[in-house]
Structure formats: C-alpha cells, structure tokens
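Peer 1: After the structure tokens below, expect a handful of questions from me.
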Amino acid sequence: MKYTAQQLAEIANAQLIGDPNKVVKNLAFDSRIIYSVQDTAFLAIKTEKNNGEKYIASAIEKGIHVIIAEQKTIDNDEVSWLLVENAIDFVQKLARYHFNQYNISSIGVTGSNGKTIVKEWLYQSLSDDFSCVKSPKSFNSQLGLPLSLLKINASHQLGIFEVGISKPNEMEKLQEIFSPKIGILTHIGSAHIAHFQNEKQLIEEKITLFKNSEVIVFNGDNDLAFSILNEKYSSKHLISYGFGKHNDVHIISDWKDRTKDITVTCLGEVFSFPVHQRDEATLVNALAVITVLYHLGYAREKIIEKIHHLKSVEMRLEAVNGIRNNLIINDSFNLDLDSLKIAYQFIKEYNKPNKVLIITDFVEKHNADELYKEVADLTNEQNFNMIFLVGEEIQKYQSLFKALSFSFNKISELIKSQEFNKLENQLILLKGARKFETEKVKTYLELQKHETVLEVNLNKVLHNIRVHQSFLRPETKMMAMVKAYSYGLGGYEIAEFLQHHHIDYLGVAVADEGVELRKNGIITPIIVMNPEQHSYNAVIDFNLEPNIYSFRVLELFYQQLKQADFVGDYPIHIKLETGMHRLGFKEDELDELIQRLKQMNIRVKSIFSHLSSADIPAEREYTLQQFEVFERQSERLIQGLGYTPIQHILNSSGILNYPEYQYDMVRIGIGMVGICYNEKVKPLLQPAVAFKSVISQISEIKKDVSVSYGRRYKAEKDTRIATIPVGYADGIPRLLSNGVGFVGIKNAIVPIVGSVCMDMMMVNIEDIPAKEGDEVIIFNGHPSLEEFAHYCKTIPYEVLTSISRRVKRVYVKD
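If you're matching positions, the sequence shown starts at 1 in full-length UniProt numbering and goes up one per residue.
Following this line, the structure appears as structure tokens:
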C-alpha cells in the first residue's frame, strides 16, 4: 500500500493533525519489533489486556513519524497524528477500501485446521501461472487479515488469504472487509469451540465468509458442515472433498498401502499420483488443493505435476545455541519479502546487540532491481554488524548493503571462509531459499550435534497462556513459573519470551536461577520461592523478591538488608499456610508477623498460598476450605499492614477449575506446556514440547535372538529392531525397558525392547516401513507427554525436569 496521511484520514474518517503529505507504506502495531521506520505508521491498539498508547513514545524514539491512535499523547512537531475512534476499526476500513481498488481474483480459506497449509500449497501451485499475493504465515485475525489485504498492489492477479475467528460475530466484520470469489472450508475441529454454543454455531459463523462467494470448496467429511452448506448455499457452486465417497473429490484407492500410488476421483475424472506422506491431515489438505486446481481448469497431468512438486510448509523459526557463544536463528525454510520481514521482527525479541545476516538469492525474480533494493533498504535498518550474501543474483547488489558484507556463490564457500569462521558472540540469522541448503550452516554452527532434541514451540506456549487468561478478568496479573530450568524447557530462553509478551511476574525456586535470568537481561520482577540463607546477598544485589514463609527467614533476611545498608522499602512476598502443610505462616502467627513487619523497611508486594489438590475434583471441598482460610488470613494481614498487597493462590489447575478465586494474580506453570486435567479445556490447549530422536540403525533379527544388556528380551519371531540414540542419561527411565514404554515411529506406537542403556534404547518396529534416519517421537502427541509419564509411573512435571541438559533444546515459532 501507499497512502498519504491526508488520504488515510479521508478513507477512515480520521482527524489529521500534522503534515498531510507524509507517506505511509507500512503499519506497525508492536513497538518492540518494528523492523523498519521508513514510511511506517504506528498503530496504537487498545485491548482488554493492554493499551498501545503506552508505547507511542517508544515508537517515536525509534523514528516513527505517523501515529494512529485514539488521542494525541505527545507534543512533537515532527509527528503527524491520525486520531480515530478505534485502531482496529481504522485498519479494517482501510483494508476494505484498499481491497476494492483492485480487480483481483480472490480465494478465502477458513476452518479450524489446515488453513495455513492449504493457503501455502495453493500459492505454491498457482504462483507460477499468476502474480499472487497471500497472507504471510498465519495472519488471519481481525488485525491479521486487514494487514494481509494491504499487501495487494496493481501487479497482482490473484490473492489467497486465510481468515480465522475465535468468537461469535467476528466473521461478519471480516466478510465486510474481504469477500472471496472462491471460498474454502477446511477441517472443522475443536479449536475455539469453547466460545460457541455448539459446533453448528461455529460452522455457521465460519461460512458467513462465503456470503458473496461464487464457488465454495469444502471438506465434506463433516456431516454437519455438509448439511449446513447445502441448505444455506444451495444456489452456489458447491464442491466437496474428503475421504467419504459422497464427496465430489475423494480417494478411491487404499491410501494406507504405501506400495501403491494414491488414486483420486475428481468430479468423475480419475487419476493417480505418488504420495510419500500418508497421514490423514496431509491427504485431506492435498485434496483441497486438487479440487481448487480442477475447478480452475487445470488439466489432469498438470494437477499431478503440481501435487508432485508440493513442498512441506515449514511455518517456523527455530533458535539454537551455537559454537563460540553464537545464537542461531534458523529460518532457512523459505525466502520471500514477507518471511524476511517476519524474521526481522522475530530477532527484535532477542536482547542481542551483535547481529549477523546470512541471506541467499530470492527464488522469485520479478523485477530483481526493485526487489533487491527493497531487501537492502529493510536490511540496512536492522543494524547488522556483518552480512553474508550467497548466490550469483544477490551479490550483484552488494553495494546496496551498508554493513560490512561478503559474497559467495555457494553455501560451501561461505562455510570455508575465514570471516565466517571468526564469528563469536553473535545472533546469526539464516535466511535462505531451500535450494541453497542453508540448513547446512546451522548444522555446522550448532553447539550440540546429536540428533536427540527437546523442541519447545514458543507460539504454543503463548497460545496456552492465552487460553488460561481467557478464564480471567482483563486486569488479573499472571506470574509464570520458570523454576527448575523452566520445568526442563530452558532458562532464560523461556523467560525472555515471556518477558517480551508482558508477563507480570516470573517465579524461580532458588536465587541462583533468578541471578542467571538477570545476567541474561531479564528485567521482569522475579519472586524467589525458597530463598536460602547464603543467597540473601545475591537476592538484594540482583533485585530479586524473596518469599518469606517463617520468622527465621524474615529475621535473617532483614539482618542482611541492614548489613547491606539498603535504603527504602524492600519488596517481599508473604506465604500463608492454608492446608498444604509445606511452607508458610500459620494463623496464630499473624499478629506477631504484622508487628515485626511494621518495624522493618520492608514492603509486602503480595500475599499468597498454594493449593494442594486443585486438579482433583474429589478434593473440591478441601480446596474450598483452603480458599476460606486464605481469605480470612490475608484479610487479617491486610488490615494489620494498612495497605493492600497483591493476593494470589491459583496454579494452572486452579485457574481452570476455580477462576472465581483468581484474586489479583494467578500463577501458571505446567499449563504453559499444554498439560491440563480439565477435560473440557484440554482440547483447547496445544502440546508445546516435543522430545524427538532418530533411528540410528535397523537390524534384522531371528526368532530367539536377544537384545541389549542381560538378554532380558528375546524375539518371539523374526523381526526388525531399531536402535535410537537416547537413553537413561538423557531422561529415559530404565524402568521403560522390555515393553513397559513405547515411542512413536511413522504414526505407529512401538514398544521399547531389551534394557534401556545409558545412551541408547531399542524398539521393535516389525513390519513398519521405517528406515535409518527416520524421526522418532518420544513424546509430543503420539504418544503424548501424559502417556509417556504414565509409562514412567510418574507425572509430566518429573518427566520434563528429568530430561538431561545434554539434550539440545530447540526453540521454534510457527
């Protein structure tokens, strides 16, 4: 897009203050991740949890000269203001106007699952034949869709956009902005169902998008969706796809037989093609693409060719620790302007002053001069210390990049270069097209090379936090427990991500954990749940806030405060004993506690306690008793102090089962991972942690042949044994030996056989078509973390915290 401030004011009926001729090409709504200030306006969005007006000063400080907000908050003659009633309404009005300026064919994709994959695969299939524009990543919300539509320009012939909703009445707004000619409804699942009366209401809300569509392509395996669409839109051209034979497009071969091609009937025309990935989700998404291509008039041979060339969609960035104290941000899965901008936003989340970029040729070469000038302009604003350009095309434009830069034809030449091998203490962003094999750089730089990893999906962590927050009042604070190496997920990496997303407090077990976070740039308030006597100096020196649970701890900490000549009232947190019988002041100690606190230069920041059984429905009566005791004790303490500290008692289970007792703050721990004991809420959460390895070797063994130490397992028949490079030194309990534990390979659950070794274990894969190098799921979804914990006869907490530090942690963002 490209509009002047005056044009924006007229389009969205906004009040303009300042220079009407300032040009706006981009909108930013998060001051922390502004990747470019050139011709960019800052959109100050108000939500239930936050107010973007708080960050206007930060945006102006970074160089933004156009602000869109509900009120003018700062006097600055260089800044133009667009005053609007609501920032989201503004961008939606602008997007509607912008979309209507272009005569562009359009495809709109909605549903519960598969939207992004179908959109990306359609783009892969159609971009060779049309000048296409699409939603970046999974931009599909009340804000994401308008921002996507604003990317349309005069050169585009086809737009492919995904549209998502989470609550009733949201789709009507989006349909007013964007009315696709071809509508696609993917799989309907449990996502967001909690906000609707039932599945029928959810489906009816989603298909509102197709109000003015000429053609609707839909997954007909959902009987309710099939019925509703045929009833409501009987006058439109409806085409169903899926596994069911009643669909217009469906598979007629045995799709589970990997020795044969997939055969599809498409509106009566039959054709076959090879497919390596045979899971249901992949196949049904491919059917959606086939259906659209067929409707657009592609010949059978062309459809087969395009399906054959579909590439897996890696919608993620991953962060791994590298040699020489480098941090590697790997986004080597795809390369276009959208993904480059998102990568630049992503690295803003890291507190790393030294940055290096490795970037390859772009596959798309439409108007190369214009493309690489824009790439260089964006890159120059990121303040990289050094840039490595790989490819014959991009190095022609080396002079456009302001940072110290080096050019290479191939990745292999880069890896051998002296400049590259001197990199240390850098954040290294890898951004490359697939054909350059940029992932080889990541492999070369990785600190830990072995193939067993614990993968933490940060987007899913945030999603799970948001689900828990949906049970709370907007003003209720949240503390994230990051003790025990963030439940085994990683220390400052998780804390840094949570801090970026405005978590109110962090909780650690001991002072050393808090000190480590402070040293890595964490400034969020940190509570130390069990401050040891020898750590009080560190607590004070690093501005940590101790939990005070006894007179002994109170007196010792106060003496340390006096010795340190601390001036002012030091923040502490008072733990009350309400029924856990672990730590905390008892009711008959409160009067004395009040008297002592009044005599000390100490400020009670919060009063809290801990529930023993919030996840056990049978213990509801006891839990209610704990609330009663907590309220009585905290009220007595508040009256005695003469001021009102924050009160909190709910943990993850408490948030979901007893939200009426949320008080001023709640604490989330295992809930961030996606673990939940509330059956109604469990479908809304996402597994955020995956423990993975690979098959090192496959052995064909005969009947009665033994496996592993002690010959505890002997094959009952001829079979195949896979060796996996993970053992009890990595966190796989030895008790899982000989059929007690299971892992996932090729969507099948296979038993661990023989004794689990220190660094290896063996599984019986029998006739599963696995090969050496194939992925092994120790837990993620199949089996799940809960199922794996059940094998281990323990709980998910212990499983996660038992995973060895030698297992590489990889952090990804979808």
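For every residue, glycine included, the Cβ atom is placed at its ideal position computed from N, Cα and C. Here the structure is a predicted model, which is why all the values come from computation and not from measurement.
Assuming contact is defined by CB atoms lying nearer than 9 Å, are P525 and L506 in contact in what I supplied?
Peer 2: The residue labelled residue 525 in the question sits at position 525 within the sequence shown. The residue labelled residue 506 in the question sits at position 506 within the sequence shown. Cβ distance < 9 Å, so P525 and L506 count as in contact.
Peer 1: Which class does I607 belong to by DSSP, given the choice of helix, strand or coil?
Peer 2: Translated into positions along the sequence shown, residue 607 becomes position 607. Strand.
Peer 1: Let me check understanding here. Comparing Cα to Cα, which of Y3, E10, Q7, I17 lies closest to N26?
Peer 2: On the sequence shown, position 26 is the one that residue 26 refers to. For N26, the nearest C-alpha among the options comes from Y3.
Peer 1: Are I668 and I732 closer than 9 Å when you measure CB to CB?
Peer 2: The residue given as residue 668 occupies position 668 in the sequence shown. The residue given as residue 732 occupies position 732 in the sequence shown. Going by C-beta atoms, I668 is not nearer than 9 Å to I732.
Peer 1: Could you tell me which residues DSSP pairs with K46 in its beta bridges?
Peer 2: Stepping through the sequence shown from its first residue, residue 46 is reached at position 46. BP columns for K46 point to N51.
Peer 1: Near I670, which residues of its chain fall below 7 Å by C-beta distance, leaving aside the five closest residues on each side in sequence?
Peer 2: Translated into positions along the sequence shown, residue 670 becomes position 670. Hits under 7 Å: Y487, S652, P796, Y797.
Peer 1: Do E766 and S693 have their beta-carbon atoms positioned less than 9 Å apart in this structure?
Peer 2: As a working note, residue 693 is residue 693 in the sequence shown. As a working note, residue 766 is residue 766 in the sequence shown. Cβ distance not < 9 Å, so S693 and E766 don't count as in contact.
Peer 1: Measuring CB to CB, does L454 end up less than 9 Å from F691?
Peer 2: Residue mapping note: residue 454 aligns to position 454 of the sequence shown, counting from 1. Residue mapping note: residue 691 aligns to position 691 of the sequence shown, counting from 1. Yes, they are a contact pair.
Peer 1: Can Q382 and Y35 be called in contact, C-beta distance under 9 Å?
Peer 2: What you label residue 382 is simply residue 382 of the sequence shown in a count that begins at 1. What you label residue 35 is simply residue 35 of the sequence shown in a count that begins at 1. In contact: Q382 and Y35 (Cβ atoms closer than 9 Å).
Peer 1: Tell me whether L427 is buried or exposed, calling it buried when 16 or more other Cβ atoms sit within 10 Å of its Cβ.
Peer 2: Here residue 427 is taken as the residue at index 427 of the sequence shown, counted from 1. So L427 counts as buried.
Peer 1: Which whole-angstrom value describes the C-beta separation of I602 and D569, a residue pair presumed to lie in contact below a C-beta threshold of 8 Å?
Peer 2: The residue labelled residue 602 in the question sits at position 602 within the sequence shown. The residue labelled residue 569 in the question sits at position 569 within the sequence shown. At roughly 6 Å, the Cβ-Cβ gap stays under 8 Å, so I602 and D569 are in contact.
Peer 1: Across which residues does DSSP place H648 in a beta bridge pair?
Peer 2: Reading the sequence shown from its first residue, position 648 is the one you call residue 648. DSSP, once it has assigned bridges, lists F608, M665 as partnering H648.
Peer 1: For S131, collect the residues of the same chain with a Cβ closer than 6 Å to its Cβ; drop the 5 residues on either side in sequence, then sort them by chain order.
Peer 2: Residue mapping note: residue 131 aligns to position 131 of the sequence shown, counting from 1. So the list reads S155, H156, Q157, once near-sequence residues are dropped.
Peer 1: Report yes or no: do the stretch 136-152 and the stretch 60-74 share at least 3 C-beta pairs separated by less than 8 Å?
Peer 2: Output reads no: the stretch 60-74 does not touch the stretch 136-152.
Peer 1: V390 by DSSP, collapsed to three states: which one?
Peer 2: Within the sequence shown, numbered from 1, the residue matching residue 390 stands at position 390. Correct three-state label for V390: strand.
Peer 1: Grouping DSSP H, G and I as helix and E and B as strand, with all else coil, what is L517?
Peer 2: If you number the sequence shown from 1, residue 517 lands on position 517. It is helical.
Peer 1: Within a Cβ cutoff of 7 Å, which residues of the same chain sit near L126, ignoring the five residues on either side of it in sequence?
Peer 2: Numbered from its first residue, the sequence shown carries residue 126 at position 126. Counting only Cβ-Cβ distances below 7 Å, and skipping sequence neighbours, we find C132, L158.
Peer 1: Taking the alpha-carbon of V289 as reference, which of L185, L122, R636, V249 has the nearest alpha-carbon?
Peer 2: As a working mapping, residue 289 is identified with position 289 in the sequence shown. Of the candidates L185, L122, R636, V249, the one whose C-alpha sits nearest the C-alpha of V289 is L122.
Peer 1: Comparing the C-beta of N100 with each C-beta of chain C, is any distance below 9 Å?
Peer 2: Protein chain content of the structure displayed is limited to a single chain, and chain C is not contained in it.
Peer 1: Thinking C-alpha only, which one of Y558, Y549, E555 is nearest H573?
Peer 2: If you number the sequence shown from 1, residue 573 lands on position 573. Among Y558, Y549, E555, the Cα nearest to that of H573 is on Y549.
Peer 1: Going by DSSP, what residue range makes up the beta strand (DSSP E) through H581?
Peer 2: Taking the first residue of the sequence shown as position 1, residue 581 is located at position 581. No beta strand (DSSP E) holds H581; DSSP gives it neither H nor E.
Peer 1: Counting along the chain, where does the alpha helix (DSSP H) carrying A748 start and finish?
Peer 2: For the purposes of this step, residue 748 is identified with residue 748 of the sequence shown, where counting begins at 1. Segment 748-753 is the beta strand (DSSP E) holding A748; no alpha helix (DSSP H) there.
Peer 1: Relative to the C-alpha of T291, which residue among T379, H237, E231 is closest?
Peer 2: Taking the first residue of the sequence shown as position 1, residue 291 is located at position 291. Cα-wise, what sits closest to T291 is H237.
Peer 1: So, with DSSP's three-state summary, where would you put W81?
Peer 2: Your numbering for residue 81 matches position 81 in the sequence shown. If DSSP states are grouped into helix, strand and coil, W81 belongs with the strands.
Peer 1: Figure out for me which residue from K93, E413, N421, E374 has the closest Cα to the Cα of F401.
Peer 2: What you label residue 401 is simply residue 401 of the sequence shown in a count that begins at 1. Checking every option, the nearest Cα to that of F401 belongs to E374.
Peer 1: Taking E545 as part of the beta strand (DSSP E), name the residues at either end of that continuous run.
Peer 2: Mapped onto the sequence shown, residue 545 falls at position 545. Unbroken beta strand (DSSP E) run through E545: 545-548.
Peer 1: Where does F139 sit, in a helix, a strand or coil, going by DSSP?
Peer 2: As a first step, residue 139 must be located in the sequence shown, where it is residue number 139. Residue state, collapsed to three classes: coil.
Peer 1: Classify H501 as helix, strand or coil using the three-state DSSP reduction.
Peer 2: Residue 501 sits at position 501 when you count from the first residue of the sequence shown. Coil.
Peer 1: Near D331, what residues of its chain come up, given a Cβ to Cβ distance below 6 Å and the 5 sequence neighbours on each side ignored?
Peer 2: Start at 1 with the first residue of the sequence shown, and residue 331 comes out as number 331. Excluding sequence neighbours, D331 sits near L317, A343, K431.
Peer 1: Round the Cβ separation of V689 and L785 to the nearest angstrom and send it over; I've been treating them as touching at under 8 Å.
Peer 2: By 1-based counting over the sequence shown, the position of residue 689 is 689. By 1-based counting over the sequence shown, the position of residue 785 is 785. At roughly 7 Å, the Cβ-Cβ gap stays under 8 Å, so V689 and L785 are in contact.
Peer 1: Could you check what DSSP says for M171 in three-state terms: helix, strand or coil?
Peer 2: Position 171 of the sequence shown holds residue 171. Three-state result, M171: helix.
Peer 1: Among residues of its own chain, excluding the 5 on either side of Q560, which ones have a beta-carbon nearer than 6 Å to its beta-carbon?
Peer 2: Working through the sequence shown from its first residue, we reach residue 560 at position 560. For Q560, where only same-chain residues beyond five positions count, the Cβ hits under 6 Å are Y536.
Peer 1: In this structure, does DSSP put A12 in helix, strand or coil?
Peer 2: Here residue 12 refers to the residue found at position 12 of the sequence shown. Three-state result, A12: helix.
Peer 1: How about K206 and L185: do their beta carbons lie closer than 9 Å?
Peer 2: Numbered from 1 along the sequence shown, position 206 holds the residue referred to as residue 206. Numbered from 1 along the sequence shown, position 185 holds the residue referred to as residue 185. Going by C-beta atoms, K206 is nearer than 9 Å to L185.
Peer 1: Assign I695 to buried or exposed, taking buried as 16 or more other Cβ atoms, counted over all protein chains shown, within 10 Å of its Cβ.
Peer 2: Counting from one through the sequence shown, the residue named residue 695 turns up at place 695. Classification of I695: buried, given that the 10 Å Cβ count is 16 or more.
Peer 1: Does G244 come out as helix, strand or coil in the three-state DSSP assignment?
Peer 2: As a working note, residue 244 is residue 244 in the sequence shown. It is coil, neither helix nor strand.
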